[in-house]
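For the record, in the sequence shown the residue sitting at position 16 is 16 according to our numbering, with numbers rising by one throughout. Idealized CB from N, CA, C, for every residue including glycine. The structure under discussion appears below in the form of structure tokens.
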Amino acid sequence: REIVREAKLKADAQAKDILQEAENRTAMLLKQTENEIERLKKKSLEEMRQEIGALAILAAEKILEKELDHKEQQAVIGRIIDETESSKWQN
């Protein structure tokens, strides 16, 4: 009788440990997933800002009929990105 009781207590303790480990692992995976989603969101927003900047430059070049060199393009892109920081693209 005592052996059965001890075996049950041991099994219950092991089950509790397994459940706790599973909960910890689930929480860790959830946090990693949230971090990855946030990273991808930031990356996508930055790519979108770059694309918007490039499109704006193309439009400006067409309007001005002037081709900008690489350094000038980067300066314009930087200004456009700064201006879009507070725009709806950030959300």
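{"Check": "Beta-carbon proximity list for Ser44, same chain, < 8 Å, skipping 5 on both sides", "Outcome": "none"}
{"Check": "Own chain, CB closer than 8 Å to Thr33, minus 5 neighbours either side, in chain order", "Outcome": "none"}
{"Check": "Where Glu61 sits in the DSSP three-state scheme", "Outcome": "helix"}
{"Check": "Enclosing alpha helix (DSSP H) for Arg79 [first to last residue]", "Outcome": "His70 to Thr84"}
{"Check": "Proximity of Ile63 and Ile80 at Cβ, strictly below 8 Å", "Outcome": "no"}
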